[in-house]
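The letter at position 118 of the sequence shown is residue 118 when you use the numbering used here, and the numbering goes up by one with no holes. Structure first, commentary second.
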Amino acid sequence: MRFRLAISCKFNSIARVYFILWLIFGFIHFNLSVLHAQVGIDGSLNKNRNLLKELESQIDELRQKILATQKKKSSLAIQIQLLEHEMALISRSRGILEQEIRLLQSRISESENKLRETNQQLEDLQALYAARAVYAYKYGRIKNIELLLSSRSLNQAMVRLKHLRQIARHDENLIRTIRNKKKQIEQIKRSLEKSLQQKDIALKSLEEKTRQFVARKKEKQRLLSRIKRNQANYQQLLTRKNRERASLLDLIAALEKERLKQEKQTPDRASPKKSGVVFKFKNFEKARGKLPWPVKGKVISHFGKKRDPVLKTYIKNTDIEIKAKPGSPVRCVFPGVVRVIQYLPGYGNLVIVDHGKGYYSVYSHLAEIYVYWDSPVEQNQIIGKVSDSGYNGSPSLGFGIYSHNKIHNPEHWLE
């Protein structure tokens, strides 16, 4: 009987050791996984907030320029150009705020899950401690002394004493773990409250940016109405549009010049290396007629010559405009590397992707931008979202394809 009691005691103490270790290591693993997720979210939030500060500074500077041009009664074409730039920056800011809200919501969900898990862990620990308290109340120190005195040998008594001390240490660890869990729950609650406050601030900022954007859009429409009534001003506007197209071509030409330079420096490579990114894709030229559409929608402005209804002159479109709902996801049509992310007059926020061997795709009138300069992108990867203001002020995506300083009709490349 005493032998069975000793074995039972030993078994129960060992089982208790493993159970407590399982609880502790389970908590550590859970907390580390949540911590890694939180660190990733915090990194993205910090990056977005730094970018938002830069955009705010640029918006303030542009607003001052716009007010100055209005006081000087500068040409309407210049006022519209500055206004479009401001609208593009506001649109980008709205996109970043929307992204921040999604990140904060993700953090809130993580915290809520963590809070539920930690509360459950606390309940399990408290239940275990309650069971130990009941045992201690029923048997207490007298039972432990009886267990030692009933030992058949000194060696058996020492073994039993060792297990009793282990149980005591485990009980102390249990109490300590319960206290730590309570502290952890309070920390999670504070973190959750902070995230909720940040989300509320971001939502209010987004509402303010939306009001600003609507106001600027109305201001632009008023200027366009005035400019269309004056043929000279309208001619200035068209001249500016042509200069904007030339600016994009200059940008593409600079990229092509750099590519050829890199190619000469690495003639032994079939795929040039640039800024640490190596091309692992090729044969863009064989994708003609097979590329997926960058956004769901209908082409409202086609490639090539187009007759202006006011001046009766012809202008040349170097890209196409695809009508889409504001916020529609814009996808990359072919694997590549992001070479340009910037604002360009007439194109708004744009992204240029290098597909290797001199081929580039251009995506303009973007609100949110999800990619970074010199980062690789895959086919169908979302690179941004359509802005509220695109072609003629309506939501649309500008899309173009260029190669070796040549302009291509994008519709011939899309499936």
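In this text, a Cβ means the ideal position worked out from N, Cα and C, and glycines have one as well. Note that the coordinates shown come from a computational prediction; the quantities given were computed from them, not determined experimentally.
Q. Which residue's Cα is closest to the Cα of S361: Y372, D374 and V337?
A. V337
Q. Less than 8 angstroms separating the beta-carbons of Y402 and F284?
A. no
Q | DSSP three-state assignment for A367, whether helix, strand or coil | A | strand
Q: Would you kindly check if the distance between the Cβ of L104 and the Cβ of K199 is under 8 angstroms?
A: yes
Q) Is the region 320-337 close to the region 382-390, with three or more CB pairs under 8 angstroms? A) yes
Q. Going along the chain, which residues of its own chain have a beta-carbon closer than 8 angstroms to the beta-carbon of K189, five neighbours each way excluded?
A. L115
Q.
Does Q81 pass the burial test, meaning 16 or more other C-beta atoms within 10 Å, or should it be called exposed?
A. buried
Q | Nearest residue (CA-CA) to Q79, options V353, L224 and Y347 | A | L224
Q) If you check the beta carbons only, do E411 and V340 fall under 8 angstroms apart? A) no
Q | Continuous beta strand (DSSP E) stretch holding H408: start and end | A | K406 to H408
(Q) Can you give me the C-alpha to C-alpha distance between E56 and I178, rounded to a whole angstrom? (A) 47 angstroms
Q) Any idea if D250 is buried or exposed, counting beta-carbon neighbours within 10 angstroms, 16 or more meaning buried? A) exposed
Q. Taking L206 as the reference, which of R92, T239 and D374 has the closest Cα?
A. R92
Q) By the 10 Å Cβ neighbour count, where 16 or more other Cβ atoms means buried, how is Y363 classified, buried or exposed? A) buried
Q. Do the CB positions of K182 and L122 come within less than 8 angstroms of each other?
A. yes
(Q) Can you tell me whether R94 is buried or exposed? The criterion is at least 16 other CB atoms within 10 Å of its CB, across all chains shown. (A) buried
Q: Just the C-alpha distance for S394 and D374, rounded to the nearest angstrom, thanks.
A: 30 angstroms
**Q.** Pairwise C-alpha distance: H365 and A348
**A.** The residue you asked about is not Ala; residue 348 is Gly in the sequence shown. Distance between the alpha carbons of G348 and H365 is about 5 angstroms.
**Q.** Pick from K204, R240 and S191 that is closest to I108, judged by C-alpha positions
**A.** S191
Q. Across which residues does DSSP place I417 in a beta bridge pair?
A. What the structure shows of the chain is the stretch from 1 to 415, and residue 417 is not part of that stretch, so it cannot be assessed.
Q.
Rounding to the nearest angstrom, what Cα-Cα distance links K357 and I407 in this structure?
A. 15 angstroms
**Q.** DSSP beta-bridge partners of Q342
**A.** L350
Q. According to DSSP, which residues form a beta bridge with I315?
A. K306
Q: Within its chain, find whatever has a CB closer than 7 angstroms to the CB of S106; leave out the 5 residues flanking it on each side and keep chain order.
A: I41
Q | Residues sharing a beta bridge with P292, DSSP | A | P292 pairs with nothing; no bridge assigned.
(Q) Less than 8 angstroms between the beta carbons of I352 and F399, yes or no? (A) no
Q: Just the C-alpha distance for E415 and W293, rounded to the nearest angstrom, thanks.
A: 7 angstroms
**Q.** Inter-residue spacing [alpha-carbon to alpha-carbon] between I388 and L128
**A.** Here the sequence assigns Asp to residue 388, which means Ile is not the residue at that position. Roughly 58 angstroms between the two C-alpha positions.
**Q.** Three-state secondary structure assigned by DSSP to K47
**A.** helix
Q) Among residues of its own chain, excluding the 5 on either side of K274, which ones have a beta-carbon nearer than 6 angstroms to its beta-carbon? A) Confidence at K274 is low in this model, with a pLDDT of 48, below 50, so the placement of that residue should be treated as unreliable; the coordinate-derived value is given next. Counting only Cβ-Cβ distances below 6 angstroms, and skipping sequence neighbours, we find Q262.
Q.
Are the CB atoms of R216 and E112 within a distance shorter than 8 angstroms?
A. no
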